[in-house]
Structure formats: C-alpha cells, structure tokens
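Taking it in order: structure first as structure tokens, then the write-up.
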Amino acid sequence: LHLLIEAVKLAYADRDRWIADPAVVPVPVGALLDPAYVARRRAAIDRAKAGSYAAGAPEGDTTGFVVADGRGDVISVIQSLFNSFGSGIVVPGTGVVLQNRGRHFATDPDHPNVLAPRKRPFHTLTATLVTEADRPVAALATMGGNGQAMFHVQLLTNLLDYGMDIQEAIERPRFLIGAFLPGEPADTIAVERRVGPRVLAELRRRGHRVRAAPPLYYKAGHAHGLVVRDGTLMGGADPRGDGLALGF
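Count along the sequence shown from 1, add 3, and you get the number used in the numbering used here.
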C-alpha cells in the first residue's frame, strides 16, 4: 500500500506539470513513459517512509545527426529548444517553437556575455567536424547539455590518440564533470563505473570528488558519428540513447 501511494504521488506530480491538450501545446507523452525516465522517478521512492515529490523533467529535447554522401560531403547538425517547449512561443502559422537559449545571458554589465540586443548568448550546442588537409576525417554529434564539449573531447581522444573505431570510441566509459546544465554546482565528477574500482579509487586519491555512475549513464551523452578511413565510411551509434548508424 505504501509503494502504491508513493507511486501515485509521483505520477500526479508529473501530471500536474506536463499534461495538457496535445492539440494546442506539445505534451511529452513518450518521454514521460520512457522506461529510463520511469526508472529514475521510481528510484525517488523511499520504501521506509512517505515523501513529497516535485515534477520530474523528462529528457529528449536535443537532437543531432551526421550525414555523408558519395561526393565526400559531410555534415554535423545539432538542435535543441533548451528547456521543455523552449520559450513557449510558436511562430504563427508554422508550428515552429522558438528556443530559450537567452537564459544563459549574463546580467553582470561587465561580463562579455551580458544580455544585449541582436546578440547571440553562450550556449552548449556543439557540432563537430574533423578535417585534415581540407578533407573530412570524422563528424560527431551528441546531446548532453554542459557536457557536450567534454564528451567530444573524450570521443576525439579515443578516435585520434588511441586509434579506436567509431563504435568502440562511442561505447567506451565516459565522465561528466559537474552538472548537466551550466550554472549548476560543479564539484563532482560522474564516471561510468565500467572503468573499474581501481580507477575510481585512484581518481579519489588524487583529490577528485568522484561519483560512480551507471555503466551506460544517460547523462554522459547520446553520441553518434562517422569516420572516413581509406575512402571508407564507418558509422557508430550510442547504446546510451536512441539512434542508429545506417548506410545505403
């Protein structure tokens, strides 16, 4: 009975935050029912005592893809509304929802990123192309909020320094320094526990505040990409999230 009561409280917290008329506003039904999101919400239940719950924040707003054609053209594209439904403003007659990346302007008048008209704010979106002598070597894209740049660094290290193929480079354990979003506390490093207890212990010995993350941590990016080697295209997709590598 206790577990059922707590589950209903969790569900109603999400209901009150997200559910509306889908004919008028976007409702993230798929994200709310995603098994990974449900598992995170379920983990909030204390089996020994009653709790109170705020609404959750289902993932899924950042999307990226990389494409190469037979002529050697390669692109990397990434887009995101940022917060759920972005600004909440729809361009009349289009159905296009505008993003709210302006949230990351600074209000300090002396900061270079201070809010100003006709100015683009700092943002975390990162579309990566690697070239050598003006020829494509690799293209990468990943979601991950504040972690995007550091995930790209880890992927490129695996590809270029260690010579891994693209799929292995994507699947290798990753870390996330600090928070998922800019401006949140950044005092802990989440490391996928697949690195092993000895590595985690050594990082702690060197003074890092380490948290062992799940083996395929959903906040460690959902990366995918392709590489060009000896005229051959090779693609990879991330088991941490949705996506696939496809050639035709």
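By construction, the Cβ of each residue, glycine as well, lies at the ideal position given by its N, Cα and C atoms. Remember, predicted model here, so these are calculated numbers, not experimental data.
Residues of its chain near residue i, where Cβ-Cβ distance is below 8 Å and the 5 sequence neighbours each way are ignored
i	result
residue 214	191, 192, 193 and 194
residue 92	100 and 101
residue 117	108, 109, 110 and 111
residue 54	9, 12, 47 and 48
residue 58	16, 17, 19, 20 and 21
residue 217	195 and 196
CB of residue i within 7 Å of CB of residue j, strictly
i	j	result
residue 132	residue 142	yes
residue 230	residue 169	yes
residue 152	residue 129	yes
residue 97	residue 82	no
residue 71	residue 236	yes
residue 150	residue 179	yes
residue 120	residue 105	no
residue 240	residue 246	yes
residue 139	residue 41	no
Residues of its chain near residue i, where Cβ-Cβ distance is below 7 Å and the 5 sequence neighbours each way are ignored
i	result
residue 94	101
residue 198	176
residue 242	174 and 219
residue 30	21, 22 and 23
residue 39	221
residue 163	none
Range of the contiguous alpha helix (DSSP H) that encloses residue i
i	result
residue 155	151-159
residue 18	5-21
residue 204	200-208
residue 180	Counting along the chain, residue 180 falls outside any alpha helix (DSSP H), though it belongs to the beta strand (DSSP E) covering 178-180.
residue 170	169-174
Same chain, Cβ closer than 6 Å to residue i, neighbours up to 5 away in sequence not counted
i	result
residue 249	none
residue 69	79, 142, 144, 228 and 229
residue 103	85, 86, 89 and 90
residue 244	225
residue 167	161
residue 45	none
residue 187	The pLDDT assigned to residue 187 is 49, lower than 50, so where the model puts this residue is not dependable; a value taken from the coordinates is nonetheless given after this. Closer than 6 Å at the Cβ level, and outside the excluded window around residue 187, lies no residue.
Residue i, enclosing beta strand (DSSP E) - first and last residue
i	result
residue 38	Per DSSP, residue 38 belongs to no beta strand (DSSP E); it is in the alpha helix (DSSP H), 38-45.
residue 79	77-82
residue 124	Neither: residue 124 is in no beta strand (DSSP E) and is coded neither H nor E.
residue 70	66-71
residue 133	130-135
residue 193	192-195
DSSP beta-bridge partners of residue i
i	result
residue 237	230
residue 1	This structure cannot speak to residue 1, because the chain is shown only from 4 to 251.
residue 214	193
residue 117	109
residue 144	130 and 227
residue 100	93
Exercise. Would you check if the region 224-240 and the region 197-209 touch, i.e. whether three or more CB-CB distances between them fall below 8 Å?
Key: no
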